[in-house]
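First up is the structure itself, then whatever we jot down about it.
Number of protein chains: 2
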Amino acid sequence: MTDDDFMAQALREAHAALAAGEIPIGAVVVLENKIIGRGHNQTERLRDVTAHAEMLALTAAANHLGNKYLADCTLYVTVEPCVMCAGASAWAQLRAVVYGAEEPKTGFRRHGPLLHPRTELRGGVRAPECAALMQSFFRAKRRQG
Amino acid sequence: MTDDDFMAQALREAHAALAAGEIPIGAVVVLENKIIGRGHNQTERLRDVTAHAEMLALTAAANHLGNKYLADCTLYVTVEPCVMCAGASAWAQLRAVVYGAEEPKTGFRRHGPLLHPRTELRGGVRAPECAALMQSFFRAKRRQG
């Protein structure tokens, strides 16, 4: 299994968010080539700004392991994480964070290195698909508005 | 009711965390002089790095209001928030964040302005009490270790 394969799984989660009228971002947490946590954005349904795909996936993975530290795990997420999700990733001490599309406005990277020093960061995996999903969502929103 | 009064309520939450063997940090969310959300650190019990006092209090307040935006609310927390909790506070568009003790190592402020531009930040409220609680917890931990 490659980064591309796991990002395809995160994209499945993003499509589930889209189908529910949520901003289409999805995430999975992977340990030893197996998905141990999934999440998609649910901020509208739960009316909760903390219900980002990454947060839900990290919590699911920690529940699965019975351990709040995810030191051997990789988080795959379709869009560059925000400051909140970068902070959560830092606490979890992830081995790696892999994102799809860049998010220049709300992404964490413009605030400097917020991840744990041990966490590897890779970006641009299936970026066109991840970005296209976001663009189609916001284009439809503008048409409605 | 003053900042001091609401910080006393956040300190009650911090004491509840201490009694449960958690890092003693507590938070309350206040709207129009009423507490609409409470939380204390539960990262050990829930084995979840996202279960910080502030996150639980913000989620509780949003549930109470049925609205993910907390634009007229103030978050009181006994210790300077971390990057994750600052990010969540930014998404919630809080009116103000008021903390007790500074946290030079894991506090968000050294990463620059991470809160929403409209959010007022006040610090140092009941700081000695808030800091003493943290110090006594970590002193006891070191004795055990």
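Taken in sequence, the protein lines are chains A and B. Sequential numbering of the first sequence, starting at 4, is according to the working numbering. Sequential numbering of the second sequence, starting at 4, is according to the working numbering. Every residue gets a Cβ at the ideal spot worked out from N, C-alpha and C, and that includes glycine.
Closest residue to residue i among the options (Cα-Cα distance)
{"i": "F141(A)", "options": "L14(A), M10(A) and G24(A)", "result": "G24(A)"}
{"i": "M10(A)", "options": "R121(A), Y102(A) and E106(A)", "result": "Y102(A)"}
{"i": "A135(A)", "options": "A17(A), D6(A) and M4(A)", "result": "A17(A)"}
{"i": "A104(A)", "options": "A22(A), Q147(A), D75(A) and P27(A)", "result": "P27(A)"}
{"i": "G110(A)", "options": "L73(A), E57(A), N70(A) and D6(A)", "result": "E57(A)"}
{"i": "R50(B)", "options": "S139(A), A60(A), D51(A) and N70(A)", "result": "N70(A)"}
{"i": "A93(A)", "options": "Q12(A), C76(A) and E132(A)", "result": "C76(A)"}
{"i": "K37(B)", "options": "L59(B), H67(B) and Q45(B)", "result": "H67(B)"}
{"i": "A60(A)", "options": "A74(A), L78(A) and Y72(A)", "result": "L78(A)"}
{"i": "H124(B)", "options": "M137(B), V82(B), R41(B) and Y72(B)", "result": "Checking the sequence shown, residue 124(B) turns out to be Leu, not His. Nearest C-alpha to L124(B): V82(B)."}
{"i": "D8(B)", "options": "V128(B), Y72(B) and P120(B)", "result": "V128(B)"}
{"i": "A65(B)", "options": "P84(B), A95(B), Q45(B) and H114(B)", "result": "A95(B)"}
{"i": "R112(B)", "options": "A89(B), T122(B), L97(B) and A130(B)", "result": "A89(B)"}
{"i": "T122(A)", "options": "A91(A), M4(A) and A19(A)", "result": "A91(A)"}
Cα-Cα separation between residue i and residue j, rounded to whole angstroms
{"i": "H43(A)", "j": "L14(A)", "result": "9 Å"}
{"i": "H55(A)", "j": "K144(B)", "result": "33 Å"}
{"i": "L21(B)", "j": "T53(A)", "result": "25 Å"}
{"i": "P116(A)", "j": "V32(A)", "result": "21 Å"}
{"i": "P107(A)", "j": "R146(B)", "result": "46 Å"}
{"i": "E47(A)", "j": "G148(B)", "result": "44 Å"}
{"i": "V86(B)", "j": "E132(A)", "result": "29 Å"}
{"i": "L118(A)", "j": "V100(A)", "result": "9 Å"}
{"i": "A30(B)", "j": "A63(A)", "result": "24 Å"}
{"i": "Q12(A)", "j": "D6(B)", "result": "47 Å"}
{"i": "R41(A)", "j": "P120(B)", "result": "32 Å"}
{"i": "Q45(A)", "j": "G126(A)", "result": "23 Å"}
{"i": "M137(A)", "j": "I39(B)", "result": "34 Å"}
{"i": "S139(A)", "j": "S139(B)", "result": "53 Å"}
{"i": "H114(B)", "j": "M4(B)", "result": "32 Å"}
{"i": "E35(B)", "j": "L97(A)", "result": "40 Å"}
{"i": "P84(A)", "j": "P84(B)", "result": "19 Å"}
{"i": "A74(A)", "j": "V80(A)", "result": "17 Å"}
{"i": "A130(A)", "j": "Y72(A)", "result": "28 Å"}
{"i": "A19(A)", "j": "A19(B)", "result": "38 Å"}
Per-residue DSSP class, three states only, for residue i
{"i": "A104(B)", "result": "strand"}
{"i": "H43(A)", "result": "strand"}
{"i": "G126(A)", "result": "coil"}
{"i": "A143(A)", "result": "helix"}
{"i": "G29(B)", "result": "strand"}
{"i": "A99(A)", "result": "strand"}
{"i": "L49(B)", "result": "coil"}
{"i": "T77(B)", "result": "strand"}
{"i": "L117(B)", "result": "coil"}
Under 9 Å (Cβ pairs) to chain A, residues found in the stretch 66–79 of chain B: Going along the stretch 66–79 of chain B in chain order, one finds N66, L68, G69, N70, K71, Y72 and L73 with a Cβ nearer than 9 Å to chain A.
Residues within the stretch 31–51 of chain A neighbouring chain B, beta-carbon criterion of under 7 Å: T46, R50 and D51
Proximal residues, the stretch 109–123 of chain B versus chain A, C-beta separation under 7 Å: H114, G115 and L117
Contacting positions in the stretch 83–100 of chain A - beta carbon closer than 8 Å to chain B: C85, V86, M87, C88, A89, G90, A91, A93, W94 and A95
Selection of the stretch 53–66 of chain A by Cβ proximity to chain B, strictly under 7 Å: Hits within the stretch, in order: T53, M58, L61, T62 and A65.
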